[in-house]
Amino acid sequence: MFRRLVFENSATFFTIAAFVTALSIYLMIAWRAMRMKRPQVERFENLPFETETPAAIGFGPQAAPGPVSAQNRHARSNRRRNSSS
Amino acid sequence: MPAHKVTLEFNDKVVRQFLIATLVWGLVGMLVGLLVASQLNFWQLNFKNELLSFGRLRPLHTNAVIFAFVGNMMFAGIYYSTQRLVKARLASDFLSALHFWGWQAIIVAAAITLPLGLTRGKEYAELIWPINIAVAFIWVVFGVNFFWTLARRREPSLYVAIWFYIATIITVAMLYIVNHLSLPTSFTHSYPLFGGVQDALVQWWYGHNAVAFFLTTPILGIMYYFIPKAAERPVYSYRLSVIHFWSLVFLYIWAGPHHLLNTSLPAWLQTLGMTFSLMLWAPSWGGMLNGLLTLRGAWHKLRTDPVLKFMAAAVTFYGMATFEGPLLSIRSVNALGHYTDWIIGHVHLGALGWNGFMAAGMIYWLLPRLWNKPLYSVSLANVHFWIGTVGILLYVAAMWTSGIMQGLMLNATSDGGTALAYPNFLDTVNSIRPMMLMRVIGGGLYLTGFAIMGWNFWKTVRGAQPVNGTIEVFDEVPDTTHPAVPAGRRIGVLATFINPPVLFTFLAIGFACAWMFGNHLLSIAGLIGSILCVILAYAHFESRGKSWANWYDRLLVNTAPFTILTFIAVFAGGLIQIIPTVMVHRAANVEDRKQIPYTPLELAGRDMYVREGCYTCHSQMIRTLVPDVLRYGDYSRLGESIYDHPYQWGSKRNGPDLARVGGKYLNIWHLRHMEDPRSVSPGSNMPTYPGLFANNTDVAILPTKLSVQRTLGVPYPQWTDAEITERVNTQATAIAQDLRAAGAYVGPEKEIVAMIAYLQTLGRSESTVKPAKATVSAD
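So the sequence lines, in the order shown, correspond to chains W and X. Sequential numbering from 1 applies to the first sequence in this note's numbering. Sequential numbering from 1001 applies to the second sequence in this note's numbering.
This is the structure:
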């Protein structure tokens, strides 16, 4: 049975079957993605912006340190308090 | 219970650690790369010392760049973005620390063992078995930490970057484990479970997908997070990113056989590899365009922001590399490009341009955030960018030119295709020397740029206060009333499989297998079942399409089912390629020619060949191409390497193919060649191997090695230890006497004798064709 997979030309059918399978999946996913609702798309594409990532401002020696948020300061002071106790 | 706000502090310490490791190992990996590139120009840089020879350092370079540089960068990016995307701190500080320190310990172990010649002899899979176990363990630690974090997430939806991370974790685990299955012979040595064509196929299934799922998918996830953040606008098309993900995951896993085109690999597998590689053009370019178009309206920022500059260039290089990859997978193009510097240029376009520049962009973006101090110098970052870009262009242009010239010269024939135009391999080596030098200059420039980033990094973080990001979250269940979150969102294990799309897919695959593999009746049943399945699936989809859509929407917010189905998608691709070949790879199935097992001395010599990394420059696979046959002899058959654990077909020819070198030269020629290659091959850039003349062959280990080989299916008789020693002595003495007769005095116990024994047996095989019996008619 397996011998023919190596030596017979009919084994090229595997390639065709694999191609058709992959193409079907591709078309299915493409169709599904295209039909995503706008609110759903907006929700997903804005996920990276839901968490702020404040940076130190500007570049070079004149630049100022970034705004450390109140929560950040709070977390750091908590850490210091914990380590001192 | 009323919800109240809590402040969540992210674990950014581990991100900082991985960033520093990225920088350090990047410098080490590139420095070694520069050295090995220089060794090809100036053989003296091998320092007549095996510890520093090309064959041992080249694996160190590739492993350092892939697993140490890109690995650490990837972990930093994944940990930083995942915490923020799912609004949860990493699940375990202990696992995070174990992941970081365990990974660094693995890198150090690799940096020690590879120069010592402790290797498995397979590209990007050289590390010895105890380190393999450590890698698998640390990868599991990473996976547990990641999925545990997802389980504790406060954001129900999974952003597309997380999808790419999930695919990376599960696929790399699968590939790594399968390709590293080995039987140990000692604490530092093992033989792979697979041999010959099986090993070649499994190796490139792994090797290609190491590029796909270690160097591409995690970096794409990083791209989908960091480019929108840096450009301050959402990804160009989220819909396109969905198509990008699924099509990439489905297609990539099938493309491995394109590394074995025109070899003795079954034709259907070669066609499969080529077809799927060509199909990869679509998702790769879809992703590339999605990344670039995210910068719409923000192009002006490229003038001032080095982060965007690096990321835009990285995505462009990704596009170039993924255009070139499928191109090289076309069988006729591959006949020209394979085994040449063109492949090296292609790989470095991705590694330096895509991985290296994404790493730089990410580092410059993270520095002011993780240390709360502005970047020390934007000018230096710009200098880094331009030096790096010029370096890449020089490098790649040199390798393209060199590779195409190599391919054309080695394939050129005269006299109507009956003779080689350049019969001496060294003609090509000497022709590409200027390009090899230009590569060193290009690589040197790139490394200089990277070192500038290191300086900028150091000046930025020196004296700065490390800062962990925080977020205020409501301590309650996630918002499930949002329109993006489907009702009844949990899927559960049973419903992962018991739903129309998955059931129809499984049924169709089952029927198709029956059709292809079954006997006559089963085959017909399979055909009918397949057709019925497709019709029923279509009918069901038409009438109950909403249930299909609802299931898919729920899948996007359910980690476990999503992971399971992604795993099945990548697993199926591997299974269909590998299972038939594993099953057919039996001596009884071999047609035409079958390898004769090595004698104990030859096996010892072969292990030295693997130890010295000879496969990094010499192939053992004569392709089914006229120039290959004219140059090296009859094309290689599958059966001729059936007992090779590991296979040594190779992927690059800095020197000629050795598949049929046995008997081509005298023993004394091989001795002189190892002692001083230039004495018999003027102009050669091969290193010398003084260790082979100083060290003795380890005969004591041979009984164990032969026993393991027997277990792997190599038909060795049950020799006693004394018989093995006797056989070694007899063969070694004969070679030593022959060398003495030619004027060289070498003890039979020296390693060079075993190496010569191995080289002289290459190409030896027995015919499996039974001679036809002549019948004489009575009349």
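All C-beta atoms, glycine included, are put in the ideal place defined by N, C-alpha and C. Owing to the predicted nature of the structure, the values given are computational and were not obtained by experimental measurement.
First and last residue of the uninterrupted alpha helix (DSSP H) at residue i
i: residue 1460 (chain X); result: 1433–1461
i: residue 1707 (chain X); result: 1702–1711
i: residue 1283 (chain X); result: 1281–1293
i: residue 1309 (chain X); result: 1306–1328
i: residue 1030 (chain X); result: 1013–1041
i: residue 38 (chain W); result: 38–45
i: residue 1537 (chain X); result: 1520–1543
i: residue 1675 (chain X); result: 1667–1675
i: residue 1499 (chain X); result: First-last for residue 1499 (chain X): undefined, no H or E at that position.
i: residue 1371 (chain X); result: That residue, residue 1371 (chain X), is in no alpha helix (DSSP H); it is neither H nor E in DSSP.
i: residue 1203 (chain X); result: 1196–1213
i: residue 1097 (chain X); result: 1093–1113
i: residue 1084 (chain X); result: 1071–1086
For residue i, the residue or residues it bridges with in DSSP
i: residue 1419 (chain X); result: X:1414
i: residue 1474 (chain X); result: X:1005
i: residue 1593 (chain X); result: X:1767
i: residue 1175 (chain X); result: Paired residue(s): none; residue 1175 (chain X) is not in a bridge.
i: residue 1696 (chain X); result: X:1750
i: residue 1615 (chain X); result: DSSP lists no partner for residue 1615 (chain X).
i: residue 1339 (chain X); result: X:1652
C-beta atoms of residue i and residue j nearer than 9 angstroms
i: residue 1095 (chain X); j: residue 1079 (chain X); result: no
i: residue 1084 (chain X); j: residue 1469 (chain X); result: yes
i: residue 1409 (chain X); j: residue 1431 (chain X); result: yes
i: residue 1066 (chain X); j: residue 1102 (chain X); result: no
i: residue 1056 (chain X); j: residue 1119 (chain X); result: yes
i: residue 1525 (chain X); j: residue 1511 (chain X); result: yes
i: residue 1297 (chain X); j: residue 1233 (chain X); result: yes
i: residue 1619 (chain X); j: residue 1652 (chain X); result: yes
i: residue 1252 (chain X); j: residue 1160 (chain X); result: no
i: residue 1413 (chain X); j: residue 1420 (chain X); result: yes
i: residue 1646 (chain X); j: residue 1048 (chain X); result: no
i: residue 1188 (chain X); j: residue 1130 (chain X); result: yes
i: residue 1218 (chain X); j: residue 1165 (chain X); result: yes
i: residue 1100 (chain X); j: residue 1021 (chain X); result: yes
i: residue 1358 (chain X); j: residue 1226 (chain X); result: yes
i: residue 1360 (chain X); j: residue 1450 (chain X); result: yes
i: residue 1590 (chain X); j: residue 1733 (chain X); result: no
i: residue 1087 (chain X); j: residue 50 (chain W); result: yes
Cβ-based burial, residue i [other Cβ within 10 Å; buried from 16]
i: residue 1201 (chain X); result: buried
i: residue 1012 (chain X); result: buried
i: residue 20 (chain W); result: exposed
i: residue 1386 (chain X); result: exposed
i: residue 1424 (chain X); result: exposed
i: residue 1546 (chain X); result: exposed
i: residue 1612 (chain X); result: buried
i: residue 1750 (chain X); result: buried
i: residue 1458 (chain X); result: exposed
i: residue 1700 (chain X); result: exposed
i: residue 1042 (chain X); result: exposed
i: residue 1721 (chain X); result: exposed
i: residue 1275 (chain X); result: buried
i: residue 1854 (chain X); result: In this structure chain X extends from 1001 to 1779, so residue 1854 (chain X) is not present and cannot be described.
Where the beta strand (DSSP E) through residue i begins and ends
i: residue 1183 (chain X); result: 1182–1184
i: residue 1717 (chain X); result: First-last for residue 1717 (chain X): undefined, no H or E at that position.
i: residue 1191 (chain X); result: 1190–1192
- [ ] Determine which residues of the region 1085–1110 of chain X have a Cβ less than 7 angstroms from any Cβ of chain W, and write them out in chain order.
- [x] 1085 and 1087
Task: chain W contacts made by the region 1453–1475 of chain X, where a contact means CB separation under 8 angstroms - done: 1467, 1468, 1469, 1470, 1471 and 1472
Task: Contact list for the region 1242–1265 of chain X against chain A, Cβ threshold 8 angstroms - done: Here chain A cannot be found, since the structure's protein chains are W and X.
Task: Chain-ordered residues of the region 1368–1381 of chain X with a beta carbon less than 9 angstroms from chain W - done: 1368, 1369, 1371, 1372, 1373, 1374, 1375, 1376, 1377, 1378, 1379 and 1381
TODO: With 9 angstroms as the limit, tell me which residues of the region 1496–1512 of chain X have their beta carbon closer than that to any beta carbon of chain W; keep them in chain order.
DONE: 1501, 1505, 1508, 1509 and 1512
Open item on the list: So if I threshold CB-CB distances at 9 angstroms, which residues from the region 1210–1230 of chain X count as touching chain W?
Closed with: 1224, 1225, 1226, 1228 and 1229
TODO: Residues of the region 1162–1195 of chain X with a CB closer than 8 angstroms to any CB of chain W: list them in chain order, please.
DONE: none
TODO: Return the residues of the region 1290–1316 of chain X that lie within a Cβ-Cβ distance of less than 7 angstroms from chain W, sorted by chain order.
DONE: none
TODO: Return the residues of the region 1640–1663 of chain X that lie within a Cβ-Cβ distance of less than 9 angstroms from chain W, sorted by chain order.
DONE: none
Open item on the list: Against chain W, which members of the region 1611–1632 of chain X pass a CB distance test of less than 9 angstroms?
Closed with: none
TODO: Anything in the region 1013–1032 of chain X with a Cβ closer than 8 angstroms to a Cβ of chain W? List those residues in chain order, please.
DONE: none
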